[in-house]
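Protein chains: 2
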Amino acid sequence: MENSWATFGRDLHLDLTGPGGVRAALLRALRDAVRSGRLSTGTRLPSSRSLAADLGIARNTVADSYAELVAEGWLSARQGSGTRVAERAPARDATGPARRTPGPARPDDRPRFDLTPGRPDVSSFPRTAWLAAARRALTAAPSEAFGYGLPAGRPELRAVLADYLARARGVRADPDRIVVCAGFMQGLGLLSRALGAAGSGGAGRLAVESYGLSFHRDVITRAGLGTVPLTVDDHGARTEELPALDAARDIRAALLTPAHQFPTGVPLHPDRRAAAVNWARSTGGYILEDDYDGEFRYDRQPVGALQGLDPDHVVYLGTASKSLAPALRLAWMVLPDRLVDPVLALKRTGEWQSGSLEQLTLAEFLASGAYDRHLRGMRLRYRRRRDQLVQALADRAPHVHVSGIAAGLHAVLDLPPGTERSIVQAARWQGLALEGLSTFRAPAAPGPPRDGLVVAYGTPPDHAFAGGLEALVSALPPDPGRGAATGARA
Amino acid sequence: MENSWATFGRDLHLDLTGPGGVRAALLRALRDAVRSGRLSTGTRLPSSRSLAADLGIARNTVADSYAELVAEGWLSARQGSGTRVAERAPARDATGPARRTPGPARPDDRPRFDLTPGRPDVSSFPRTAWLAAARRALTAAPSEAFGYGLPAGRPELRAVLADYLARARGVRADPDRIVVCAGFMQGLGLLSRALGAAGSGGAGRLAVESYGLSFHRDVITRAGLGTVPLTVDDHGARTEELPALDAARDIRAALLTPAHQFPTGVPLHPDRRAAAVNWARSTGGYILEDDYDGEFRYDRQPVGALQGLDPDHVVYLGTASKSLAPALRLAWMVLPDRLVDPVLALKRTGEWQSGSLEQLTLAEFLASGAYDRHLRGMRLRYRRRRDQLVQALADRAPHVHVSGIAAGLHAVLDLPPGTERSIVQAARWQGLALEGLSTFRAPAAPGPPRDGLVVAYGTPPDHAFAGGLEALVSALPPDPGRGAATGARA
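The listed protein sequences correspond, in order, to chains S and D. One point on numbering: in the numbering used here, the residue at position 320 of the first sequence is 304, and numbering is uninterrupted. One point on numbering: in the numbering used here, the residue at position 295 of the second sequence is 279, and numbering is uninterrupted.
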């Protein structure tokens, strides 16, 4: 009879060695298994016949041992439900300090509304379409796909990505210059190490935007490179300053967010796109183009990837974390030819490869058009939220300037100087999680800090968006001129 | 009408800026897209109406542009199949050197039979059961599962692993001391760095078995630690030598394969298990237990994990690479409490987390009993192959001593001294890929080298096993005494 305990003796380690006969050993082994928690309360034991067969001992020995353990209170036997580990078996051994609870913080620690940036509305993950793609991909996959794969990633995914990136983002991509990685951070780490190793004398520096993510700067620093902030203004990063910065310090590359500066939300001005590429071209440096949300643009003319201007000097970095879900841990780099081998050499000795089945599933998801369909749906949804945000501000806080709304999953609301910290804090007290611009300011950034809120309208699930918007509007500072205006009108 | 080109203007980057009117810009943009390969041969273009709507231009402008490009040979229009990129469109721009073909080597470069170790029979991956588990897991998953996860891994998987490892391998596991990682190598890298950082003065060393995998030793070396070989004999690694080695050099930990030494195949003798744990306990060192194939044992009494003897001094490392497939990139460590925070701190700044959806799928696969069922089936299959190997040797090469057959996916065939290299080479010439023991010998290993073949009977798909076995038997050296014996009998 096939049942899940047929090979109990093999699946549960029972050590029948030691002093005494087989019966004593079996009793000891079963007691140990219960005491240590290896057999947990309520677990059903195999029939005495099948355990006896598995262990190669007499059935009566097992039956007698069961009976004795029932008598001792370790096991319980009930008609029709077999022999199980008793409810009140002696307490499990302590094997360390008190358990830490894994998983997210307790619900009451979490904010009611979350408008912090960094992830899309994960409640909209296309579970059904993804599973359908997984089914098609795994059914069609050759056997070798289940073995070890290439550090560059599955050829199927790289081929489909090359087509998709060319079509959707204007990237000039060859599958051989694509490296799939487990998230943007892994890609940036590999690139930083490759660029650090490439230079002669000293580890060199990377220019970063004066507003950006601190953990991106940390990845660069851990790779042994310094960071130099590049001022961000209303036209994006001042890339025209790269030559002067480079003359003073050894700049290997500049990490930019050209399509939608993170966090200020502005696109990089065409002149500055040209300046960035010109600097890289004339010095042999690189632009690292972080295209984290390039797929989400709400105006008619999308901004194509900078990489299209010069694939030999721009590294394109894209990710499924914003377009699908961070949980997938899938991102991709399109590398200049010179960087392919150094990056793969580093990847081979460390991260090696991402899971092949997820890669094959994403390839199928892209090839079948499901990715385009999902993006279209999400674009409509995020645009509607963006419009609701803009409308709510126009109605209830017209004095607050909003920017960065042409694209992406977040916008920036300017605040009066010196007020950001107290507004973020007050919002948190009221259950609304927000980030201020100061969170993203590079330590040595030039110029005065800018006060503002980074409002990630893409983050909450649909049902929580209206509430989050209401909480946001309530948290904003009052119009300084409003009392007078109201008075004048009255 | 919903079709995959409805938002062509958005999904295909068309830049309509530049000199001339809209029509000239559209012509230029479409030509560029075809020339660069962003629109590939045969791709169907959207209807003129929908592209016009997407770009916000007149329909006639699009229709005229299409007609002109058809006339120029860029596009082709056929009744009922719409407008497509023409078969003989002008050649795609070269964007780099000649393409390297991604993917495995050409079939004719590959051996006909592969008996090299390192992976299971991947043709037996349980695709249907895995997909069913994925469906259940993704359907039931909370939304937060699609966001960023914990560096330790999904709580669902750690909880199920703790139960499974206790039950099947005698591991004393608490979910809070489990860290899920993307393969054994990642785990070993994290541990090596944590152990290197923990010591005072100098980076210290790790004892490794004198026969083992070179890329494991490399991971340790790259973390800044030295390696010291520990002689492997018929009873496994000589762990009783650890105290003397440690006195001479600063040994932080010993990396062992207690259940089934890789590659020699012997289990670690009980006295040596005790010696290993005693050394770790008395010095504050650690045993790193690589339980790569612990689930595959063919004798009645499985060898439980060493970790059960002392969870505070033994790190247990398990993996899905041999039990399911390397492609999953899922492995797990059960850590002593002291190592949990240092390892997670390192993981947080680097690899962060493995894909959550694969983790949830594995959790469901384990919890549903599918993992046990798969292992039972594979155990039977591998045992049958093992028996066939032993039988074939008994029949056809009784002079060849085989060992390491009680467990795992490979066995070792002893060879006359000095013959290994030529036998491996000759087998390769005949299309049979094999590894010799010398491949796995640590550089500074003491004692004379041992000549032998590591025969991975677990590697080939079922249909290729008999052929591989035949090729193996043919490749073995003849019995030196056989001529005489045959003569005597005749």
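Ideal Cβ placement from N, Cα and C applies to all residues, glycine included. Predicted model, so just to flag it, every value in this text is computed and none were measured.
- For tyrosine 195 of chain S, there is no enclosing beta strand (DSSP E), as DSSP marks it with neither H nor E.
- For aspartate 325 of chain S, not one C-beta of chain D is nearer than 8 Å to its own C-beta.
- A straight line joining the alpha-carbon of alanine 351 of chain D with that of threonine 123 of chain D spans about 15 Å.
- Valine 386 of chain S and isoleucine 204 of chain D have their C-alpha atoms spaced approximately 52 Å apart.
- Taking histidine 253 of chain S as the centre and dropping the five residues before and after it, the same chain places the C-beta of His219, Gly220 closer than 7 Å to its C-beta, in chain order.
- Looking at the DSSP output, serine 352 of chain D shares a beta bridge with no other residue.
- For serine 406 of chain S, the enclosing alpha helix (DSSP H) begins and ends at 404 to 413.
- The alpha helix (DSSP H) runs lying completely inside the stretch 288 to 368 of chain S and spanning 4 residues or more are 304 to 307, 321 to 332, 340 to 351, given in chain order.
- Annotated three-state conformation of valine 155 of chain D is coil, per DSSP.
- Proline 242 of chain D and arginine 257 of chain D do touch by the CB rule: their CB atoms are close to 6 Å apart, below 8 Å.
- Here DSSP, grouped into helix, strand and coil, assigns proline 254 of chain S to helix.
- Under the 8 Å Cβ criterion, the stretch 351 to 366 of chain S does not count as touching the stretch 156 to 171 of chain S, having fewer than three qualifying pairs.
- Residues of the same chain with a CB within less than 6 Å of the CB of valine 324 of chain S, apart from the 5 flanking positions on each side, are Arg161 in chain order.
- When 8 Å is used as the limit between beta carbons, methionine 362 of chain S is near no residue of chain D, the shortest such separation being about 12 Å.
- The three-state secondary structure of alanine 187 of chain D, taken from DSSP, is coil.
- Within the model, the alpha-carbon separation for leucine 418 of chain D versus leucine 453 of chain D is close to 11 Å.
- At a cut-off of 8 Å between C-beta atoms, aspartate -1 of chain S counts as an interface residue with respect to chain D.
- Judged by DSSP secondary structure, leucine 0 of chain S falls outside any alpha helix (DSSP H); it is assigned neither H nor E.
- With contact defined as three or more Cβ pairs closer than 8 Å, the stretch 309 to 316 of chain S and the stretch 123 to 134 of chain D are in contact.
- Residues of the stretch 293 to 323 of chain D with a C-beta less than 9 Å from any C-beta of chain S: Pro295, Asp296, Ser305, Leu308, Ala309, Pro310, Ala311, Leu312, Arg313, Leu314, Pro320, Asp321, listed in chain order.
- Here alanine 289 of chain D is actually not in contact with aspartate 277 of chain D; their C-beta atoms are around 12 Å apart, not less than 8 Å.
- Counting along the chain, the unbroken alpha helix (DSSP H) around arginine 12 of chain S starts and ends at 6 to 19.
- Across the structure, alanine 260 of chain D and glycine 249 of chain S are spaced so that their CA atoms are roughly 58 Å apart.
- DSSP lists no beta-bridge partner residue for isoleucine 204 of chain S.
- Under the Cβ criterion (8 Å, minimum of three pairs), the stretch 221 to 237 of chain D does not count as touching the stretch 404 to 424 of chain D.
- For valine 212 of chain S, the uninterrupted beta strand (DSSP E) segment begins and ends at 210 to 214.
- Put simply, the CB of leucine 10 of chain S is far from chain D, with every gap to its CB atoms at 8 Å or more.
- With at least 16 other beta carbons inside 10 angstroms of its own, alanine 117 of chain D counts as buried.
- Bridge partners of serine 60 of chain D according to DSSP: D:Arg68.
- Under a criterion of Cβ atoms nearer than 9 Å, no residue of chain S is adjacent to valine 144 of chain D; the nearest Cβ is some 12 Å distant.
- By the Cβ neighbour-count rule, histidine 447 of chain D is exposed, with fewer than 16 other Cβ atoms within 10 Å of its own.
- Around the Cβ of threonine 67 of chain S, a 10 Å sphere holds 16 or more other Cβ atoms; the residue is buried.
- Nearest to tyrosine 148 of chain S by C-alpha distance, out of D:Leu328, D:Asp296, D:Arg369, D:Ser24, is D:Ser24.
- A straight-line Cα-Cα distance of about 22 Å links aspartate 48 of chain S and arginine 22 of chain S.
- By the beta-carbon neighbour count (other beta carbons within 10 angstroms, threshold 16), serine 338 of chain D is buried.
- The beta-carbon of leucine 59 of chain S is placed no less than 8 Å from the nearest beta-carbon of chain D.
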